[in-house]
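In what follows, a single structure is set out as structure tokens and then discussed.
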Ligand SMILES: [Zn+2]
């Protein structure tokens, strides 16, 4: 009995051991198989064929990791596109009475704008042809064909934050934005449909570099949106909003570009407001500032952020075009800034810039208004410029003296 029990016990121990061994083998086998099964499930789920395992292994090797070289883009800023009545009257005449032909005004500088990766301009006048006839100073309204021509020239960003944005009232602003809505290839900044539209920072990407754009104005000529209006402008004294928007833009893009309308007209002296806002915007994260409004070329400089980042600032680019009546208002420039992205550090920095001077030319009584690169302008042309009626000493020397006073030689285009 005892022996039987003993034998029986032995047998039980043997059976239990076998069972434990079997369970162990099963567990080990499952342990080896399951992860592979999981892997193949992932591969199927992600649509990757099983050979992807070896390619993954290859690509994780240090020598096969692709190193992306630094990439540069150019960002161009243009001045005030100030469409006086004679400019659209001449364009209408050229078109033979139906429509407007603005092409000859700008064609001599078109290649400079087209060659930049991203181009920004201040459209000084509303494009509200839908609600009112065209008009000149003091309450401007320009034909929408002006906008068509800016697109033909290659502009990507149109700023409407300026003192004339409300010349045609809230309805004029609405009509202007309605027109731009039909042109999705360009981004409009500085005038917004509502709060959400204002918060929707415009991004333009080129060669893998994202640029964010914001438009700000110091004044709107004493005209304001109705109190209950949904439309929004960014005024220069609303520094809390500007700081918030620039900081937000910085999280969305590699380069933050500001179009700002500020300062006093017809002076080379900067206001304290301009100087303070420029440095503040740079400190908040602005990388490039294109200033406008004074109708003359104000200084080009480089401001430094607290972390050492260099930021180009032109306080005023002058009039891209106008029919103003002083020699200094005929002088402007196209500023092309080169920004370079290092994909290993993910930082985009200012590399260099070039200011190409341009001259608005017209004959007697503002005839045939045309924009010239200074490099193609001559003393013979200056001698017959209609502006000599008001500025008798208008000449290449007069132009160069103003340019040299405000633009450092190293940034001046030599061609
Ligand atoms: Zn202005």
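Numbering (my numbering), first residue to last: -4 to 410.
From the three backbone atoms N, C-alpha and C, an ideal C-beta is built for every residue, glycine too.
The structure presented is a predicted model; accordingly, all values stated were derived computationally and were not measured.
With H, G and I counted as helix, E and B as strand and the rest as coil, what does DSSP make of residue i?
i           : result
residue 188 : coil
residue 408 : coil
residue 149 : coil
residue 368 : strand
residue 177 : coil
residue 442 : Outside the displayed span of the chain (-4 to 410) sits residue 442, for which this structure offers no information.
residue 402 : coil
residue 411 : Summary: the structure shown does not reach residue 411, with the chain confined to residues -4 through 410, and so no result is reported for it.
residue 379 : coil
residue 196 : coil
residue 233 : coil
residue 93  : coil
residue 254 : strand
residue 115 : strand
residue 154 : strand
residue 107 : helix
residue 211 : strand
residue 182 : strand
Express the C-alpha separation of residue j and residue i in angstroms, rounding to a whole number.
i           : j           : result
residue 97  : residue 386 : 26 Å
residue 292 : residue 65  : 33 Å
residue 339 : residue 349 : 27 Å
residue 174 : residue 137 : 12 Å
residue 218 : residue 211 : 16 Å
residue 267 : residue 220 : 27 Å
residue 166 : residue 61  : 53 Å
residue 302 : residue 353 : 35 Å
residue 410 : residue 191 : 44 Å
residue 248 : residue 393 : 41 Å
residue 346 : residue 332 : 8 Å
residue 304 : residue 89  : 48 Å
residue 405 : residue 296 : 11 Å
residue 204 : residue 235 : 27 Å
residue 75  : residue 233 : 23 Å
residue 400 : residue 376 : 23 Å
residue 157 : residue 257 : 8 Å
residue 85  : residue 126 : 22 Å
residue 68  : residue 370 : 24 Å
residue 123 : residue 168 : 7 Å
residue 374 : residue 391 : 6 Å
residue 325 : residue 245 : 35 Å
residue 330 : residue 227 : 28 Å
residue 368 : residue 380 : 15 Å
residue 395 : residue 294 : 14 Å
residue 155 : residue 252 : 14 Å
residue 198 : residue 315 : 24 Å
residue 196 : residue 240 : 8 Å
residue 230 : residue 242 : 17 Å
residue 63  : residue 341 : 11 Å
residue 286 : residue 72  : 9 Å
residue 454 : residue 214 : Past the edges of the chain, shown from -4 to 410, lies residue 454, and the structure says nothing about it.
residue 357 : residue 319 : 10 Å
Among the options, which residue has its Cα nearest to the Cα of residue i?
i           : options            : result
residue 106 : 181, 393, 351, 384 : 351
residue 238 : 275, 248, 247      : 275
residue 317 : 147, 180, 407, 100 : 100
residue 146 : 161, 102, 167      : 102
residue 355 : 347, 334, 330, 389 : 389
residue 224 : 255, 187, 233, 215 : 187
residue 264 : 241, 256, 289      : 289
residue 183 : 153, 334, 374, 253 : 153
residue 181 : 208, 163, 357, 202 : 208
residue 170 : 329, 120, 79, 360  : 120
residue 260 : 243, 312, 250, 300 : 312
residue 149 : 109, 179, 135, 160 : 109
residue 135 : 104, 81, 315       : 81
residue 282 : 270, 206, 163      : 206
residue 271 : 262, 196, 336, 298 : 298
residue 384 : 407, 359, 397, 372 : 359
residue 79  : 164, 129, 73, 144  : 129
residue 144 : 159, 193, 250, 94  : 94
residue 434 : 194, 255, 162, 179 : Look at the range of the chain in this structure, -4 to 410, and you will see that residue 434 is not part of it.
residue 321 : 92, 397, 177       : 397
Quick check: does the Cβ of residue i come within less than 8 Å of any heavy atom belonging to ligand 2?
i           : result
residue 356 : The ligand content of the structure shown is limited to ligand 1, which means ligand 2 is not among them.
Could I get the ranges of all uninterrupted beta strand (DSSP E) runs contained in the stretch 56 to 85, with 3 residues as the minimum, in chain order?
66 to 76
Please confirm if the stretch 110 to 129 is in contact with the stretch 356 to 367, defined as three or more CB-CB distances below 8 Å between the two stretches.
no
Which runs of the alpha helix (DSSP H) spanning at least 4 residues fall entirely within the stretch 273 to 361, listed in chain order?
none
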